[in-house]
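> Numbered per our numbering, the sequence shown spans residues 21 to 359. Positions of the beta carbon are idealized from the N, C-alpha and C atoms, including for glycine.
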Amino acid sequence: MCFYKRSLGLDYGSNEIQIASGGRPLIYTIFKTLVDAGDKVIYAVPSWNNNHYTNLTNAEHCLIDATVENHFMPTAEQVAPHIPGAALLCLCTPQNPTGTTLVKSELEKICELVLAENAKRGPGEKKLYVLFDQMYWTLTYGDTQHYNPVSLVPAMKDYTVFVDGISKCFAATGVRVGWSFGPAPVIAKMKAILSHLGAWAPMAEQKATARFLHQEAAIEAYLTTFKADLHYRLEYIYQGLMQLKAKGFAVDAVAPQAALYLTIRFALVGKKTTEGKLLDNQAAVTQYLLEEAGLAIVPFYAFGADNSSSWYRLSVGTCRKEDLAPMFEKLEAALAKLQ
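Below is the structure:
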């Protein structure tokens with residue numbers, strides 16, 4: 021835990037930490053540990069796979085439709101009506117798919133809601149826990165800061181289960197090492213479930229990760245370069261879309277804050293191609309952009325949002341700087357063809 025104590029001031033014992041082969045088996049075991057069939061699970065859409073994990077546990081979906089005005093992050097006001105009787109609140113910041121973050125004031129208010137609800141529950145009642153996915157916490161840009169429940173409100177340590185790993189922040193998707201840390205009783209039950217899944221991280225990869233996380237100077241040097249490169253690509257694409265918007269094209273974007281994703285919009289439903297084909301739904305828009313502009317983006321409805329949402333996730337994880345200018349040439353040409 022030296023990495024977290026040094027960076028976030030978080031301190032957990034070995035019985036409060038669980039390592040697995042990435043974040044997915046950990047999220048699944050958190051759900052299986054804390055959620056029974058029929059329990060209420062609170063999450064905002066768009067968000068990564070919360071809808072699927074809720075289905076897998078036969079739980080009740082308590083959806084929050086996040087909006088662009090709040091950078092597609094839930095607010096305490098939106099969370100509050102769902103709190104009574106809930107078993108799990110899922111928060112992810114910086115968020116996949118939006119690349120946006122929860123601001124300090126809203127996270128503090130949400131924590132206070134959780135604590136107030138748990139104070140109402142008797143000794144024999146299940147408590148409300150927070151699944152806090154911070155897989156991208158090191159990848160913030162400009163003035164954006166990452167906040168977590170326990171550092172902001174220490175009493176949340178009893179009710180927060182973190183998920184983190186090396187796949188994104190260290191560009192190590194093939195090195196399957198992720199970890200959770202939280203209350204010891206919860207971690208113990210997660211360990212028991214994981215023992216039946218076979219989802220352990222290979223020992224060699226665990227040791228290599230542990231050795232690397234002790235190297236403060238190496239981590240700082242790596243992240244400085246890595247973040248600068250990601251931010252350049254995100255900002256380039258954001259500015260390019262703003263220029264297209266200024267030219268009158270039906271596009272938009274949210275300024276990049278964190279992670280390797282950009283929230284972008286293509287409001288093209290109802291337009292026709294030069295061949296007379298009607299783009300009658302968002303799936304048709306997505307296909308058109310792929311075929312005409314070579315732009316592979318994921319619609320927000322893949323992350324639980326409504327099928328009519330015109331917002332998308334764009335990832336810069338694999339694009340190169342030299343590809344950006346040609347991409348915008350093709351994109352503008354494709355947009356110009358639409359009537």
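What's the gap between the Cα of P143 and the Cα of I84?
Within the sequence shown, the letter at position 123 stands for residue 143. Within the sequence shown, the letter at position 64 stands for residue 84. If you take the alpha carbons of P143 and I84, they lie about 29 angstroms apart.
> Taking only three categories from DSSP, how would you classify D153?
Here residue 153 refers to the residue found at position 133 of the sequence shown. Strand.
> Decide if the stretch 31–46 is in contact with the stretch 212–221; the criterion is three or more beta carbon pairs, one per stretch, under 8 angstroms apart.
With a cut-off of 8 angstroms, the stretch 212–221 and the stretch 31–46 count as touching, because enough Cβ pairs lie within range.
> Taking A100 as part of the alpha helix (DSSP H), name the residues at either end of that continuous run.
Taking the sequence shown and counting its residues from 1, one reaches residue 100 at position 80. Careful: A100 lies outside any alpha helix (DSSP H) and carries neither H nor E.
> Could you give the residue range of the beta strand (DSSP E) that holds D272?
On the sequence shown, position 252 is the one that residue 272 refers to. That run of the beta strand (DSSP E) goes V271 to A273.
> Could you tell me whether the stretch 253–268 touches the stretch 326–340, where touching means 3 or more Cβ pairs closer than 8 angstroms?
Contact holds: three or more Cβ-Cβ distances are below 8 angstroms.
> Assuming D153 and C112 make a contact with CB atoms under 8 angstroms, what is their CB distance in whole Å?
For the purposes of this step, residue 153 is identified with residue 133 of the sequence shown, where counting begins at 1. For the purposes of this step, residue 112 is identified with residue 92 of the sequence shown, where counting begins at 1. Going by Cβ atoms, the distance from D153 to C112 rounds to 4 angstroms, so yes, they are a contact pair.
> Out of G324, W331, T229 and T294, which has the shortest C-alpha to C-alpha gap to T306?
Translated into the one-based positions of the sequence shown, residue 306 becomes position 286. Comparing Cα-Cα distances from T306 to each of G324, W331, T229 and T294, the minimum goes to W331.
> Look at the alpha carbon of M155 and the alpha carbon of V183, and state the distance between them as a whole number of angstroms.
Position 135 of the sequence shown, counting from 1, holds the residue named residue 155. Position 163 of the sequence shown, counting from 1, holds the residue named residue 183. So the two alpha carbons sit approximately 7 angstroms from each other.
> Leaving aside the five residues before and after T164 along the sequence, list all residues of the same chain whose C-beta is less than 7 angstroms from its C-beta, in chain order.
As a working mapping, residue 164 is identified with position 144 in the sequence shown. Contacts found: T121, Q277 and A278.
> Starting from A43 and walking both ways along the alpha helix (DSSP H), at which residues does that stretch end?
Here residue 43 refers to the residue found at position 23 of the sequence shown. The identity of residue 43 in the sequence shown is Gly, whereas the question assumes Ala. Counting along the chain, the alpha helix (DSSP H) containing G43 begins and ends at G43 to L54.
> Assuming E126 and T95 form a contact by the criterion Cβ under 8 angstroms, report the distance between their Cβ atoms to the nearest whole angstrom.
Looking up residue 126 in the sequence shown gives position 106. Looking up residue 95 in the sequence shown gives position 75. The pair is a contact, with the Cβ atoms about 5 angstroms apart (cut-off 8 angstroms).
> Going by DSSP in three states, I84 sits in which element: helix, strand or coil?
Here residue 84 is taken as the residue at index 64 of the sequence shown, counted from 1. Looking at I84 - three-state DSSP - the assignment turns out to be strand.
> Does Q38 come out as helix, strand or coil in the three-state DSSP assignment?
Your numbering for residue 38 matches position 18 in the sequence shown. DSSP places Q38 in strand when its eight states are reduced to three.
> Report the partner residues of Y281 according to the DSSP bridge assignment.
Mapped onto the sequence shown, residue 281 falls at position 261. According to DSSP, which records beta bridges pairwise, Y281 is partnered with S335.
> Cα separation between K140 and T158?
In the sequence shown, counting from the first residue as 1, residue 140 sits at position 120. In the sequence shown, counting from the first residue as 1, residue 158 sits at position 138. Using only the alpha carbons, I get a separation of about 35 angstroms.
> Mind the definition here: the stretch 310–329 touches the stretch 225–244 only if three or more C-beta pairs lie below 8 angstroms; say whether that holds.
The stretch 310–329, when compared against the stretch 225–244, does not touch it at the 8 angstroms Cβ threshold.
> For V170 and M176, what's the separation of their Cα atoms in angstroms?
Position 150 of the sequence shown, counted from the first residue, corresponds to residue 170. Position 156 of the sequence shown, counted from the first residue, corresponds to residue 176. Going by the C-alpha atoms only, they are around 5 angstroms apart.
> What residues in its chain sit with their C-beta under 8 angstroms from that of Q263, if we drop five residues either side in the sequence?
Position 243 of the sequence shown, counted from the first residue, corresponds to residue 263. Excluding residues within five positions, none has a Cβ falling inside 8 angstroms.
> Rank T229, S200, G162 and I207 by C-alpha distance to the C-alpha of A192 and give the top, closest one.
On the sequence shown, position 172 is the one that residue 192 refers to. Cα-wise, what sits closest to A192 is T229.
> Quick check on P117: buried or exposed, where buried means 16 or more other Cβ atoms within 10 Å of its Cβ?
Within the sequence shown, the letter at position 97 stands for residue 117. When all chains shown are included, P117 counts as buried.
> Name the two residues that bound the continuous alpha helix (DSSP H) containing V134.
One-based indexing of the sequence shown puts residue 134 at position 114. Per DSSP, V134 belongs to the alpha helix (DSSP H) from K124 to K140.
> May I ask which residues mark the beginning and end of the beta strand (DSSP E) holding S330?
The residue given as residue 330 occupies position 310 in the sequence shown. Segment: none, S330 is in no beta strand (DSSP E) and carries neither H nor E.
> Pick from V123, P203, Q115 and L148: whose alpha carbon is nearest that of A30?
Residue mapping note: residue 30 aligns to position 10 of the sequence shown, counting from 1. The sequence shown places Leu at residue 30, not Ala. Comparing Cα-Cα distances from L30 to each of V123, P203, Q115 and L148, the minimum goes to P203.
> Could you check the C-alpha separation between G198 and M93 for me, to the nearest Å?
Locating residue 198 in the sequence shown gives position 178, where the first residue counts as 1. Locating residue 93 in the sequence shown gives position 73, where the first residue counts as 1. Cα-Cα distance, rounded: 24 angstroms.
> Counting only the same chain and skipping the five closest in sequence on each side, list residues whose C-beta sits under 7 angstroms from that of K147.
Locating residue 147 in the sequence shown gives position 127, where the first residue counts as 1. Closer than 7 angstroms at the Cβ level, and outside the excluded window around K147, lie N138, R141 and Y179.
> What does a CB cutoff of less than 6 angstroms around I207 pick up in its chain, not counting 5 residues either side in sequence?
Your numbering for residue 207 matches position 187 in the sequence shown. Excluding positions up to five away in sequence, the list reads E36 and Q38.
> Kindly indicate which three-state DSSP category I62 falls into: helix, strand or coil?
Here the question's residue 62 lines up with position 42 in the sequence shown. Looking at I62 - three-state DSSP - the assignment turns out to be strand.
> Go ahead and label S27 buried or exposed: buried means 16 or more other beta carbons lie within 10 angstroms of its beta carbon, across all protein chains shown.
Counting from one through the sequence shown, the residue named residue 27 turns up at place 7. Exposed, because fewer than 16 other Cβ atoms sit within 10 Å of the Cβ of S27.
> Given A287, which residues of its chain have a CB within under 7 angstroms of its CB, disregarding the five upstream and five downstream residues?
In the sequence shown, counting from the first residue as 1, residue 287 sits at position 267. Hits under 7 angstroms: A270 and S330.
> Within 10 Å of its beta-carbon, does C110 have 16 or more other beta-carbons around it, so buried, or fewer, so exposed?
Locating residue 110 in the sequence shown gives position 90, where the first residue counts as 1. Buried is the call here.
> Please tell me whether Q359 and K297 are closer than 8 angstroms, where the distance is taken between their beta carbons.
Counting from one through the sequence shown, the residue named residue 359 turns up at place 339. Counting from one through the sequence shown, the residue named residue 297 turns up at place 277. No.
> Give me the Cβ distance between F348 and G260, rounded to the nearest whole Å; I'm assuming they're in contact under 8 angstroms.
The count along the sequence shown starts at 1 and reaches residue 348 at position 328. The count along the sequence shown starts at 1 and reaches residue 260 at position 240. Contact holds; Cβ gap of about 5 angstroms.
> Output needed for K211: all residues of its chain with C-beta closer than 7 angstroms, excluding positions within five of it in sequence on either side, in chain order.
The residue given as residue 211 occupies position 191 in the sequence shown. These residues qualify, in order along the chain: Q38.
> Roughly how many whole angstroms lie between the Cα atoms of G79 and H166?
What you label residue 79 is simply residue 59 of the sequence shown in a count that begins at 1. What you label residue 166 is simply residue 146 of the sequence shown in a count that begins at 1. The residue you asked about is not Gly; residue 79 is Ala in the sequence shown. Taking the straight line from one Cα to the other gives about 30 angstroms.
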